[in-house]
Every structure is written in C-alpha cells, then in structure tokens.
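Please read the structure below before turning to the comments.
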Amino acid sequence: MQPGTSPKALIVYKRGAYESKAPGPAEGSPSRPNRVRTADALRARRNANAHKSTLDAVTQALQQLAIAFDVQYRDELADIQGYELVISVGGDGTFLETAHYLKEGHLLGVNSAPQESVGFFCKGHADNFFEKAERFLRGKARIQPLNRLELDINGVRQAPLVLNDILFANQVPAGTSRYELTVRKSREEQKSSGVWIAPAPGSTAAIRSAGGRRMFVGSDQMQYVVREAYTPPGKSYQFNKGILEAGEKVQIRSLMDDAAVYLDLPHRMIPIPRGAVVSVRNARTPLLAVW
C-alpha cells in the first residue's frame with residue numbers, strides 16, 4: 261500500500277476464542293468416564309488459550325497502529341470486498357477458507373497455535389504481528405503472489421479459486437475412480453483412486469505425499485498426480501504425473517456416477533455426474549500473501 265495511507269482491515273477467526281464451546285457430557289455420565297483430564301483435553305484448552313491470546317495481540321496491534329478493522333467468524337464468510345488487508349487467525353485451514361472469498365486485497369495468515377500447527381501459509385504469530393502490520397502500513401511488507409487454480413465443470417466456472425489442491429475421486433473412499441484424463445490434447449482412460457491437481461503453493465501438501473514434486477512457491481506452474489493407479493496386466497499409463505506450464509490445463513471426464521471434486525480438502529465438495537468434464541487451469545489473479 262502507499263505510505264501515509266491507513267487501510268481498513270478484516271480479521272477472520274476460527275471458533276475457539278470469541279465463542280465458547282458447548283459443554284461436554286456431565287461428570288459421571290455414561291459417555292464420560294470418571295478420570296483426570298486427558299492429554300487431548302489439556303491440549304485443546306492450551307490451544308484455545310493461545311488462540312485467544314493471539315486474537316488479543318492482533319486487535320491490540322491494529323488499535324495501536326490506528327488501523328480500523330472488522331471481525332468475522334470464518335464459517336460466516338461471504339465475498340470479501342473493501343478491505344486492503346485481511347488477517348486470518350488460526351492455522352492453514354482458516355487461511356485457505358479465507359482465500360476462497362478474497363479476490364482483491366492482501367491476506368496475512370497468523371498462526372494462533374505455532375507449537376501445534378505447521379501453518380505453512382501463516383507467516384505471522386502473536387510475537388511478530390505488530391512488526392508485520394507496521395511494515396504493511398509503511399509499504400515495506402514482503403508480498404508473495406501465490407498462484408491459484410480455477411475450475412470449470414462442463415464449461416461453467418465454479419467457485420472458489422483453489423490455493424492448495426483439487427482431488428477428483430469417487431465419493432466412496434474405497435471406490436475405484438473411472439475417468440478419461442486429457443493432458444496436452446492427448447486422452448487416456450484410467451482407473452485409480454483419484455487424481456490430485458495442485459498449484460505450486462500446494463505442492464508440499466497431499467500431492468507430495470502421493471509422489472508429486474515440491475515446487476517453488478511463487479511458480480505459475482501446476483502439477484497433477486494419479487493416485488494409486490490400477491493398471492491391468494501388460495498395460496501402462498502414459499499420464500501418471502506431470503508438470504504443466506501457465507496456460508495449460510488438465511481435463512477429466514467422469515466415467516462413473518458417484519464422482520466428486522474436493523477443493524482445498526476438506527473445505528468444499530462438488531458432485532460430478534457421469535459424462536461431466538472437469539477442467540482445471542491457472543487462475544488469472546494470484547492471491548497476494550503478506551509474508
């Protein structure tokens with residue numbers, strides 16, 4: 261942003277600090293054994309306290325910097341407009357959910373539980389947030405463009421833009437996926453447990469575990485990986501995985517009744533009918549992350 265101007269900010273938070281959780285089963289009830297708090301319960305309480313402390317640090321920093329802000333629970337998000345700086349407080353899940361609704365402006369991820377959460381996209385935390393917000397205010401922040409993917413189904417654009425990954429698969433986890441894969445105008449029918457497609461920012465997530473390649477986070481390339489391919493005896497597939505350049509696309513035609521695409525798992529699922537064609541390519545507008 262331009263030095264000397266004051267942006268309006270939006271804080272997006274996950275459940276845990278501004279809302280109390282519903283009480284669990286009463287002590288001594290059949291569904292709650294009488295025992296000392298478990299390690300999981302202690303961890304949940306510790307994370308909730310850390311989340312509350314991080315939110316307090318973020319709001320106090322914005323007040324000290326005279327940055328006006330609104331606060332929004334992430335499950336109530338709609339299209340985000342009118343904010344130059346959007347701040348997600350939570351982990352990568354909150355960052356990804358927020359990115360779905362942000363077309364313009366900058367997104368700063370703040371990890372509220374850095375001891376428990378990887379927070380790949382979240383470069384902020386309670387101790388460095390003031391510095392990052394101040395640098396943004398002075399126009400000195402590092403801005404990292406992050407490539408996203410756009411998805412069409414039968415030629416109709418679908419929301420949201422995808423930052424982490426897309427999975428085409430059978431809706432039944434143990435079910436076989438049957439489809440026709442098209443890469444660079446060549447087609448191939450396949451059976452597998454699904455197809456991963458990811459932009460560079462998502463290359464360290466599930467697609468890497470499936471055999472994909474880690475990519476430079478600012479790259480405009482994308483990649484696909486066929487997951488657990490079934491190849492009949494004496495046959496091999498031409499397309500198992502690959503890197504595609506900006507402007508190229510992957511197409512998948514469903515050859516089953518119960519297919520779906522999962523966008524930034526587990527945040528969005530779209531059923532895909534038999535014969536429908538899913539097309540994935542680079543989005544025209546990257547996400548502007550404050551790093």
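261 is the number of the first residue of the sequence shown in my numbering; add one for each residue after it. Each residue gets a CB set at the ideal place from its N, CA and C atoms; glycine is no exception.
Exercise for the section: Tell me the start and end of each unbroken beta strand (DSSP E) in the stretch 437 to 499 that is at least 3 residues and wholly inside, in chain order. Expected result: List check, beta strand (DSSP E) in window: 437 to 443, 446 to 452, 454 to 459 and 482 to 487.
Handout entry: Nearest candidate by alpha-carbon position, reference Q481, set R408, T354 and L421
Key = Numbered from 1 along the sequence shown, position 221 holds the residue referred to as residue 481. Residue nearest to Q481 within the set R408, T354 and L421 is R408 (criterion: CA-CA distance).
Exercise for the section: Compute the Euclidean distance between the alpha carbons of E279 and G472, then round it to the nearest angstrom. Expected result: Here the question's residue 279 lines up with position 19 in the sequence shown. Here the question's residue 472 lines up with position 212 in the sequence shown. Legend: pLDDT at E279 = 48, less than 50; position of this residue unreliable, no value from coordinates given.
Problem - Burial state of Q320 (16 or more Cβ within 10 Å) - result: By one-based count along the sequence shown, residue 320 stands at place 60. Taking all protein chains in view, the Cβ of Q320 is surrounded by fewer than 16 other Cβ atoms within 10 Å, so the residue is classified as exposed.
Handout entry: Rounded straight-line distance, which links the Cα of A520 to that of R395
Key = The sequence position of residue 395 within the sequence shown is 135, counting from 1. The sequence position of residue 520 within the sequence shown is 260, counting from 1. Using only the alpha carbons, I get a separation of about 42 Å.
Exercise for the section: To the nearest angstrom, report how far apart G454 and G435 are at their CA atoms. Expected result: Along the sequence shown, read from residue 1 onward, the residue named residue 454 stands at position 194. Along the sequence shown, read from residue 1 onward, the residue named residue 435 stands at position 175. Across the structure, G454 and G435 are spaced so that their CA atoms are roughly 10 Å apart.
Problem - Given V272 as reference, the closest of V510, L423, N307 and E336 once Cα atoms are compared - result: Taking the first residue of the sequence shown as position 1, residue 272 is located at position 12. The candidate whose alpha carbon is nearest that of V272 is E336.
Handout entry: Where N430 falls: helix, strand or coil (DSSP)
Key = Here the question's residue 430 lines up with position 170 in the sequence shown. Residue state, collapsed to three classes: strand.
Problem - Segment contact flag, the stretch 507 to 516 with the stretch 535 to 544, C-beta cutoff 8 Å, min 3 pairs - result: These segments touch.
Exercise for the section: Could you check the C-alpha separation between R438 and A419 for me, to the nearest Å? Expected result: As a position in the sequence shown, residue 438 is number 178, starting the count at 1. As a position in the sequence shown, residue 419 is number 159, starting the count at 1. Those two C-alpha atoms are separated by around 24 Å.
Practice task
Note down, in chain order, each residue of its chain lying with its Cβ closer than 7 Å to the Cβ of S452, except the 5 sequence neighbours on either side.
Solution key: Along the sequence shown, one-based indexing puts residue 452 at 192. Within the same chain, S452 has close Cβ partners S437, V486, R487, E488, A489 and Y490.
Handout entry: Contacts around G462, its chain only, beta-carbon distance under 7 Å, and the 5 residues preceding and following it disregarded
Key = For the purposes of this step, residue 462 is taken as residue 202 along the sequence shown, with counting starting at 1. L423, N424 and D425.
Exercise for the section: Tell me whether F476 is buried or exposed, calling it buried when 16 or more other Cβ atoms sit within 10 Å of its Cβ. Expected result: Numbered from 1 along the sequence shown, position 216 holds the residue referred to as residue 476. Per the 10 Å Cβ criterion, exposed.
Exercise for the section: Rank V443, I532 and G535 by C-alpha distance to the C-alpha of F499 and give the top, closest one. Expected result: Mapped onto the sequence shown, residue 499 falls at position 239. Of V443, I532 and G535, the residue nearest in Cα terms is V443.
Problem - Rounded distance between the beta-carbons of L427 and L547, thought under 8 Å - result: Here residue 547 is taken as the residue at index 287 of the sequence shown, counted from 1. Here residue 427 is taken as the residue at index 167 of the sequence shown, counted from 1. Actually they are not in contact, since the Cβ atoms of L547 and L427 sit about 20 Å apart, beyond 8 Å.
Practice task
Just grab the DSSP bridge partners of H366 for me.
Solution key: Counting from 1 along the sequence shown, the entry for residue 366 is found at position 106. Answer is L345 and L548.
Handout entry: Buried/exposed call for Y333, threshold 16 Cβ in 10 Å
Key = Against the sequence shown, residue 333 aligns to sequence position 73. Exposed: under 16 other Cβ atoms inside 10 Å.
Exercise for the section: Can you have a look at G351 and say buried or exposed, based on whether 16 or more other CB atoms are within 10 angstroms of its CB? Expected result: In the sequence shown, residue 351 corresponds to position 91, counting from 1. Taking all protein chains shown into account, G351 has 16 or more neighbouring C-beta atoms within 10 Å of its C-beta and is therefore buried.
Problem - Separation of D518 from I532, as counted between CA atoms - result: As a working note, residue 532 is residue 272 in the sequence shown. As a working note, residue 518 is residue 258 in the sequence shown. Straight-line Cα distance between these residues: approximately 7 Å.
Problem - Alpha-carbon to alpha-carbon, D316 and D387 - result: One-based indexing of the sequence shown puts residue 387 at position 127. One-based indexing of the sequence shown puts residue 316 at position 56. Rounded to whole angstroms, the gap between the alpha carbons of D387 and D316 is 12 Å.
Problem - Span of the alpha helix (DSSP H), counted from its first residue to its last, around A310 - result: Here residue 310 refers to the residue found at position 50 of the sequence shown. Looking at the DSSP string, the run of the alpha helix (DSSP H) that includes A310 is A299 to Q324.
Practice task
Counting only the same chain and skipping the five closest in sequence on each side, list residues whose C-beta sits under 7 Å from that of D339.
Solution key: In the sequence shown, counting from the first residue as 1, residue 339 sits at position 79. Once the five neighbours on either side are set aside, the close Cβ partners of D339 are Y361.
Handout entry: Integer-rounded CB distance, given that L406 should sit under 8 Å from A549
Key = One-based indexing of the sequence shown puts residue 549 at position 289. One-based indexing of the sequence shown puts residue 406 at position 146. Under the criterion of beta carbons closer than 8 Å, A549 and L406 qualify as touching, at roughly 5 Å.
Practice task
State the start and end residues of the unbroken alpha helix (DSSP H) segment that holds F381.
Solution key: Position 121 of the sequence shown, counting from 1, holds the residue named residue 381. Neither: F381 is in no alpha helix (DSSP H) and is coded neither H nor E.
Practice task
Give me the Cβ distance between G478 and A460, rounded to the nearest whole Å; I'm assuming they're in contact under 8 Å.
Solution key: Translated into the one-based positions of the sequence shown, residue 478 becomes position 218. Translated into the one-based positions of the sequence shown, residue 460 becomes position 200. The pair is a contact, with the Cβ atoms about 7 Å apart (cut-off 8 Å).
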